[in-house]
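Chains as they are written, first to last, in the working numbering: chain A, 5 to 404; chain B, 5 to 404; chain C, 5 to 404.
Note that the Cβ used here is the ideal one computed from N, Cα and C, for glycine as well.
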Amino acid sequence: MDKQAISALINSQKEQFALDQKFYTDANIYERDITEIFLKSWLYAGHISEIPNSGDWFLFELDGESVIIIRSKDDSIHALLNVCRHRGSKICLQQKGCDQILVCPYHAWGYGTDGNLLAAPHMGENFDKSAMGLKKIHLEILDGLIYINFAEQPSSFSPIQTAMSDCLEPYDLTNAKVAHRKSYLINGNWKLSVENYTECYHCAPSHPEYSRGHSLAKPNARSTDLMKEVLIKSTQCGLKNNFLDRYFQNAEGFGADYGYERYPMWRGHVTGSEDGQGVAPLMGSISGYDGGTTDFQIGPVCFALAYCDYIVIYRFTPISLTQSECDITWLVNGDAVEGKDYDLKRLIWLWDVTTIADKRIIESNALGVNSRFYEPGPLSTMEYFTWTFLSWYIEAIKPD
Amino acid sequence: MDKQAISALINSQKEQFALDQKFYTDANIYERDITEIFLKSWLYAGHISEIPNSGDWFLFELDGESVIIIRSKDDSIHALLNVCRHRGSKICLQQKGCDQILVCPYHAWGYGTDGNLLAAPHMGENFDKSAMGLKKIHLEILDGLIYINFAEQPSSFSPIQTAMSDCLEPYDLTNAKVAHRKSYLINGNWKLSVENYTECYHCAPSHPEYSRGHSLAKPNARSTDLMKEVLIKSTQCGLKNNFLDRYFQNAEGFGADYGYERYPMWRGHVTGSEDGQGVAPLMGSISGYDGGTTDFQIGPVCFALAYCDYIVIYRFTPISLTQSECDITWLVNGDAVEGKDYDLKRLIWLWDVTTIADKRIIESNALGVNSRFYEPGPLSTMEYFTWTFLSWYIEAIKPD
Amino acid sequence: MDKQAISALINSQKEQFALDQKFYTDANIYERDITEIFLKSWLYAGHISEIPNSGDWFLFELDGESVIIIRSKDDSIHALLNVCRHRGSKICLQQKGCDQILVCPYHAWGYGTDGNLLAAPHMGENFDKSAMGLKKIHLEILDGLIYINFAEQPSSFSPIQTAMSDCLEPYDLTNAKVAHRKSYLINGNWKLSVENYTECYHCAPSHPEYSRGHSLAKPNARSTDLMKEVLIKSTQCGLKNNFLDRYFQNAEGFGADYGYERYPMWRGHVTGSEDGQGVAPLMGSISGYDGGTTDFQIGPVCFALAYCDYIVIYRFTPISLTQSECDITWLVNGDAVEGKDYDLKRLIWLWDVTTIADKRIIESNALGVNSRFYEPGPLSTMEYFTWTFLSWYIEAIKPD
């Protein structure tokens, strides 16, 4: 579709309805998804505990792009594009590693941990090494959470920093550790994955494991007596009751979304686990279970659930027009020891089983929206947040 | 190719020659194949004995489209598009099943066996369930054979019904049963598969198993003394000797093709089998083997061979531009019992071995027509029916 | 990209820089690569010893095209397009075989070893068999090396014949034999593969096995004392010291490139092997090891290394926009016997291990050049020959 056709399609989108098929199948729309959203937004890359030592790095990857997140000798962390400045070879080929010099596997150009080109033999007299460092993109750290942005001039990260540091302070994320990280390949356009995450209309029928503990599986969970109870207890446990909704069209800057809110779990459930009981030590300065849990969001495609004893961070990225990745990070208190303080299987059980179900659901959805007879239907009252996302999305990719 | 280029290509097609390469490789022509042929023609879906009870269903699939063929409580059979009216999820994910309510695996919208929407919670006050049933397409049953048509106003099925019921009456197909069904994936455009089926020029060199029993492997099989003999005997055995050729450009309505003709087998062969001898009880009211067999056709891509003791039904459908499916159904008399009245291996042997050979042949053909040096050659006198198909085909997809 | 965009891209290409991304990813440029280069150039097909007897044939394949290289009864060798003139089936399906008549597997049209149509039944009275032979392309033999050209009027092969026969005479290639042949599938555009072959900037870091024996891994290998030494000894051993560089823009005719030059190996190395020692009997009339080796090139994508005891011939061809094939032939003296005169494992060790490494390198390169952030970098002084290739390439595909 050309720009005019894309604009017309966007203008004809019905409010509070599912998207037209072309948003999921058109290659030009997909390219706009990448350039107008993913290359301009703050994206979760990982946690500082994954690269504790100088030279430690891991990759962030998205639709063929690859970024090296690396810790320098001076302890600063950089986001370097994983493309050699000579003939373009990918430099780091594994998912993670540790190198004081990043050596291109092709002609052995060597780059420092800050991206500067250190060695490039036989390049002639006029060659200026200082102009040929690895390209760097913006990187910010929020309480140990690493966010990157491909844009040359991204929206300011400061509002996120200010607002979210306050909310997350009790969790002491700077000293948290990654207990597990897992990637789920989903055969469906990335928006089908985000749509799935942003509504709990499907939770009751599809996620019995989740629904028996989490009140969001029912509508109006936030206006119950249970909610009032939790709000009182949470303060006693040292948790914050802020309500922040600066996401999507309400964001302070494009791609600089943030949100935070606390809501109750069902009685008898204190965390997201098979039996509703705690699976790890309380995080940070949290002094007890308040019977609630927190949803927070940073950037347009990174969502998290903060229980009193662990946090799961979801990130959705496109692999191609028809494939997306769901990357999940499980964070626990920094000094928790696997096998002693927590059992990894119990810790990850709920969100692993739920994501495996969602993968199946999203892939069935993808099959259906490809039909010539697919007709976008109306969204339910429980899909209001999906529409918040979708209505922002179509504006974001709208051609001038 | 745009419409003008497609028209020019069609106009330049030589009579009685193989098709130009672009008919097999151009994405826009392929899309016309789907919209102008497959979405407007009567297509064989299956046999009523496959869904004997209320709630029984199986899927018909074609180029990403999926249709649920389901039996209702009132014993009527419906063809429902397998796409949820909410956010488009595929509903039935297996190839067959039995459900009194079709529940979408995503948000649990529930549909009755007639497609009506029965349950959809949290949809607000103005939601009109009656407008949101599963889309239904046309379905007709001819002596137990289920045909469907995606068109809103398909050509009438009545002429087929009238003419073919008479011819097929001795087989009592309404009470027949499916002994076996098998799908063959062919890496080649669907037209290469239909071309292959519609001529017996390749039978002698490629199908020794078929050719030793079937006279069509030689030209002019229908004008022999053997033919006269069969015509006499067939009446004695209760079979019909009609000759019908209302197919392709001779059809009474677009996509409503039918044809029927009887021709001899070689002496010593009474059916299609390894040894030429019967492999199942005589069908319906047929009282003996007459030494002949019947070819019949219903719709443009469904062909059948009716022996005295069994029937094979071939259906060709596109999976994508470069892949097609050949689906074969083996029908036997309704009260025949596997293991007692027939041996499944013997029953399916001939057409399984022949189709496996054809798959190989068609795939080699596909490799060759992709060459820049492919030049369509002249058709032989034994490929007259292939040209009947091809000359109809190019008219059918011709842009206005 | 349309022709205008391709021309603009070519005009904007910086001298002595890597190519723009689009040269590796655009489908229209790729189609020009095929039509303007591969269908107009002399391409190495194989060696006459691979088809010693009448009816022996093997296939040459490239981007979906297939050519049968076959020896006739009169001992002449033909290059026949592997596409039946009837309905276009591929005829020879295996990689090699022996047939006095090539019979199409579909309808059994039979062709002679010279391509003439011999049998085609039921084609009617006006059918002219003589006009329906397999299409033939040009074929030339240089000292047993078979070259083919798809063009109707290819550049003359004579200059190659004259110049190269003289240089290669000591190797007696007419009587050589193929000890081994192996195909390497590379997930990268064919130009990435040729770029890799045409420079030794990467040899030192990436090919320790090669670099310990071959002086080209260092710059200026040809102006050393070692070089002078070799030039004296080579004459004594019966080898030629010609220097020919009629390749790429310096070729006498398009796609009729040739080049030849001798250069030293490091002391202690007399051939390309794990220990630097001979791995097969001396070839042809060569009377001893001179401590040097020869690079030669015939056509734009066929390069060879001629050691005193064996020759490896590299050929690079496109399989698709994103895949290429590297085909390697190992030639030894005609009367050398495997297991007695040479050990196959030792013989192929160096270039097998080196090509496996190059496959990995090229595939990493391909990943990087696909990035939106890839920016072509400057070539080193050791990549002058790659630029010779690239600057010829962009002119070759330039639209009028």
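Return the bridge partner residues of residue 317 of chain C from the DSSP annotation.
C:308 and C:333
Between residue 41 of chain B and residue 268 of chain B, is the Cβ-Cβ spacing less than 8 Å?
no
Closer than 8 Å between beta carbons: that is the criterion. Which residues of the segment 58-92 of chain B meet it against chain A?
Contact residues of the segment 58-92 of chain B toward chain A are 68, 69, 70, 85, 86, 87, 88, 89, 90, 91 and 92 (C-beta to C-beta distance below 8 Å).
Would you kindly work out how many angstroms separate the C-alpha atoms of residue 5 of chain A and residue 278 of chain C, rounded to a whole number?
57 Å
Between the CA atoms of residue 289 of chain B and residue 173 of chain B - distance to the nearest angstrom
8 Å
Beta-carbon of residue 111 of chain C versus every beta-carbon of chain B: anything under 8 Å?
Closer than 8 Å: yes.
Are the CB atoms of residue 403 of chain C and residue 7 of chain C within a distance shorter than 8 Å?
Yes, these two residues count as a Cβ contact at 8 Å.
So the beta strand (DSSP E) residue 123 of chain C belongs to, where does it begin and stop?
121-123
Indicate whether at least one CB of chain C lies closer than 8 Å to the CB of residue 268 of chain B.
no
Nearest to residue 356 of chain A (by Cα), restricted to the options A:374, A:310, A:213 and A:28:
A:213
Taking 8 Å as the threshold (beta carbon to beta carbon), is residue 97 of chain A in contact with chain C?
Closer than 8 Å to the CB of residue 97 of chain A there is at least one CB belonging to chain C.
Apply the 10 Å Cβ neighbour rule to residue 259 of chain A and answer buried if 16 or more other Cβ atoms are within range, or exposed otherwise.
Flag for residue 259 of chain A reads buried.
Is any beta-carbon of chain C found at less than 8 Å from that of residue 250 of chain B?
no
Which chain C residues sit within Cβ distance under 7 Å of residue 126 of chain A?
205, 223, 384, 385 and 386
Identify the contact partners of residue 131 of chain B in chain A, using a Cβ-Cβ distance below 9 Å as the criterion.
Listed along chain A are 382 and 384, each with a C-beta nearer than 9 Å to that of residue 131 of chain B.
Note down, in chain order, each residue of its chain lying with its Cβ closer than 6 Å to the Cβ of residue 60 of chain C, except the 5 sequence neighbours on either side.
Within its own chain, the residues whose Cβ lies closer than 6 Å to the Cβ of residue 60 of chain C, once the five positions on either side in sequence are excluded, are 75 and 102, listed in chain order.
Compare the beta carbon distance of residue 310 of chain C and residue 321 of chain C with 8 Å and say whether it is the shorter of the two.
Between residue 310 of chain C and residue 321 of chain C, the C-beta gap is not smaller than 8 Å, which leaves the two residues out of contact.
Can you tell me whether residue 166 of chain A is buried or exposed, with buried defined as 16 or more other CB within 10 angstroms of its CB?
exposed
Give a yes or no on whether 8 Å exceeds the smallest Cβ distance from residue 280 of chain C to chain A.
Not a single CB atom of chain A sits nearer than 8 Å to the CB of residue 280 of chain C.
On the CB-based measure, 16 or more other CB atoms within 10 Å of its CB, does residue 324 of chain C come out buried or exposed?
exposed
Could you work out which residue in C:199, C:271, C:73 and C:163 is closest to residue 138 of chain C when comparing CA atoms only?
C:73
Out of B:130, B:294 and B:385, point me to the one whose CA is closest to residue 382 of chain A's CA.
B:130
Between residue 2 of chain A and chain B, is any beta-carbon pair separated by less than 8 Å?
Only positions 5 to 404 of chain A appear in the structure, and residue 2 of chain A is not among them; the question remains open.
Against chain C, does residue 245 of chain B count as a neighbour if the rule is that its beta carbon must be under 8 Å from one of theirs?
Cβ-Cβ to chain C under 8 Å: no for residue 245 of chain B.
Around the C-beta of residue 319 of chain B, are 16 or more other C-beta atoms found within 10 angstroms, so that it is buried, or is it exposed?
buried
Note down, in chain order, every chain A residue with its Cβ under 9 Å from the Cβ of residue 100 of chain B.
Ordered by position in chain A, no residue passes the 9 Å Cβ test against residue 100 of chain B, which lies about 17 Å from the chain.
Which same chain residues, not among the five before or five after residue 187 of chain A, have their C-beta less than 7 Å away from its C-beta?
Cβ within range, chain order: 329 and 331.
Do the segment 114-122 of chain A and the segment 142-156 of chain A meet, that is, are 3 or more Cβ pairs less than 8 Å apart?
Segment contact: the segment 114-122 of chain A against the segment 142-156 of chain A, fewer than three CB-CB distances shorter than 8 Å; contact not assigned.
Other residues of its chain near residue 169 of chain B: CB distance less than 7 Å, five sequence neighbours each side excluded
Cβ contact annotation for residue 169 of chain B (same chain, cutoff 7 Å, sequence separation greater than five): 146 and 147, in chain order.
Residue 33 of chain A: first and last residue of the uninterrupted alpha helix (DSSP H) it sits in
31-36
Throw me the rounded Cβ distance for the residue 327 of chain A and residue 189 of chain A pair, which I believe falls under 8 Å.
7 Å
Would you decide whether residue 156 of chain C is buried or exposed? Buried here means 16 or more other CB atoms lie within 10 Å of its CB.
exposed
Select from C:312, C:344 and C:205 the residue whose C-alpha is nearest the C-alpha of residue 293 of chain C.
C:312
Given 8 Å, three or more beta-carbon pairs between the segment 157-164 of chain B and the segment 251-266 of chain B
Touching, per the Cβ criterion.
In chain B, which residues lie less than 7 Å from residue 371 of chain A when you measure between Cβ atoms?
94
Is the Cβ-Cβ distance between residue 192 of chain A and residue 366 of chain A less than 8 Å?
The answer is yes: Cβ separation under 8 Å.
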